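Enquirer: So that we are looking at the same thing, I have put the structure below in structure tokens.
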């Protein structure tokens, strides 16, 4: 995720990144410009007197209004997914901090504090990579027994929570903590699983294929046929107008596609690396006093 100063207009206008739509679409923009220029040439020289072309401008004005409504829905839907992902990661930060504070207040043996600090941090690291299409990663300071246990699982985040539950049950059986203590800690551990479940729902439920396909076809058809309506009023300049409109519409679609899956490594995705490191630092500071 790129951090920036939203008040620096000039820096934002002239700054280009690998995710900037201009760098992504420059080939398509050249194609659309040349294509619409050819349509304008053909229309000017062979259909200059066609009356029906003069009436198309009103039709395309209506279509533009319909397209703008679709754009609003598309961007709102994508941003809602991005913001829900951010909210869930915020809840994970809070649950991790709260769990660490509750554990340290119990006065557990140092070895247990270190154990929970390690696995709370492991869970943050694990969910971050788990949401990136199963990217390979190494958890922190696993024992041989824990490594064997987790390798048997298809869903490692659940396995890490299970390990913490087992440790709590061992502490309860040993009389170090009470049933009430376990219940207080259970809320935050459940929050871990709720967070990963919600993030998986966002990642595994893309925008319906038919809608995405229709929207792309609508944009393309609208833009490549714009010269038929615009040449009457703008002549060859209609190719420039069509290219600019194509850039704006397709850029919105590309940005929506990027933020609707907010857990990757694109420039506009969530800063999950930093949040995972923050969680590891917080719990280590609270629990691991060594």
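In our numbering, the protein residues as written are 1203 to 1492.
Here a beta-carbon is modelled for each residue, glycine too, at the ideal position from N, C-alpha and C.
No experiment lies behind these values; they were computed from the predicted model shown.
Distance, Cα to Cα, residue 1322 vs residue 1236?
Expert: Residue 1322 and residue 1236: Cα-Cα distance of roughly 56 angstroms.
Enquirer: Just to confirm before moving on: does the CB-CB distance between residue 1272 and residue 1417 stay below 8 angstroms?
Expert: For residue 1272 and residue 1417, yes; Cβs fall inside 8 angstroms.
Enquirer: Between 1314, 1426, 1282, which lies nearest to residue 1451 when the distance is taken from Cα to Cα?
Expert: It is 1426 whose Cα lies nearest to the Cα of residue 1451.
Enquirer: Alpha carbon to alpha carbon, how far is residue 1266 from residue 1260? Give it in angstroms, no decimals.
Expert: So the two alpha carbons sit approximately 10 angstroms from each other.
Enquirer: Whole angstroms is fine: what's the gap from residue 1307's alpha carbon to residue 1368's?
Expert: Approximately 20 angstroms, taken between the alpha carbons.
Enquirer: Count the other CB atoms within 10 Å of the CB of residue 1291; is the residue buried (16 or more) or exposed (fewer)?
Expert: Looking at its Cβ environment, which holds 16 or more other Cβ atoms inside 10 Å, residue 1291 is buried.
Enquirer: Confirm, please, whether the CB-CB distance from residue 1330 to residue 1473 is below 8 angstroms.
Expert: No.
Enquirer: Is the stretch 1382–1392 in contact with the stretch 1343–1352, if contact means three or more CB pairs nearer than 8 angstroms?
Expert: No, the stretch 1382–1392 is not in contact with the stretch 1343–1352.
Enquirer: What separation, rounded to the nearest whole angstrom, lies between the Cα atoms of residue 1355 and residue 1303?
Expert: If I take the Cα positions, the gap works out to 29 angstroms.
Enquirer: Helix or strand or just coil, what does DSSP make of residue 1449?
Expert: DSSP places residue 1449 in helix when its eight states are reduced to three.
Enquirer: Looking at the structure shown, is residue 1408 part of a helix, part of a strand, or coil, going by DSSP?
Expert: In this structure, residue 1408 counts as coil in the three-state DSSP scheme.
Enquirer: Count the other CB atoms, across all protein chains shown, that sit within 10 Å of the CB of residue 1385; report buried if there are 16 or more and exposed otherwise.
Expert: Exposed, since its Cβ has fewer than 16 Cβ neighbours within 10 Å.
Enquirer: If you draw a straight line from the alpha carbon of residue 1454 to that of residue 1482, how long is it in whole angstroms?
Expert: About 36 angstroms.
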